[in-house]
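In the numbering used here, the protein residues as written are 1361 to 1529.
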């Protein structure tokens, strides 16, 4: 399921599975791309490349009461005001070392992640509260070009706050 340059979207009670094509831009369960005011709720995305993906400047997105076996991914290309609440899955990433721009003003609250949650270059103002996490990765990148996609990269994580969280790995 993909929203692309959309506004005021509700995705409710959907089940996506086996979206596994590994070509660039494919294999995602629910993809919010260049969209604003999107709510995804009460949904599952199993056995996908990424279960839930926010990308390319998406803003004001809420993912609530959702579950995935393949992660929550804020792809790091200017996502703003993203909330992931009461969700569970194997982990995910906030940001991406292949982009100069990072996610900003992200809230992750009351979630359960069995694996690592990664925070990448140029993400700002990230708040994680009341969440169980299987591990934390914080990654900064030296300025230059990324070897895999050849785009400019570099930057640091800035403003990362954890409150009442349990880290198990």
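Just so you know, even glycine gets a beta-carbon here, dropped at the ideal spot from N, CA and C.
If you're wondering where the values come from, they're calculated on a predicted model, not measured in any experiment.
{"Query": "Contact under 8 Å by Cβ, residue 1440 with residue 1467", "Result": "no"}
{"Query": "Local Cβ density within 10 Å of residue 1409, reported as buried at 16 or more and exposed below that", "Result": "buried"}
{"Query": "Simplified DSSP assignment, three categories, for residue 1361", "Result": "coil"}
{"Query": "Local conformation of residue 1397 per DSSP, three classes", "Result": "strand"}
{"Query": "Test item: CB-CB of residue 1463 and residue 1483 under 8 Å", "Result": "yes"}
{"Query": "Sequence-distant residues of the same chain with beta carbon closer than 6 Å to residue 1443, five excluded per side", "Result": "1422, 1467"}
{"Query": "Collapsed DSSP secondary structure at residue 1410 in the structure displayed", "Result": "strand"}
{"Query": "Segment limits, beta strand (DSSP E) that includes residue 1535", "Result": "Because the chain here runs from 1361 to 1529, residue 1535 falls outside it and cannot be looked at."}
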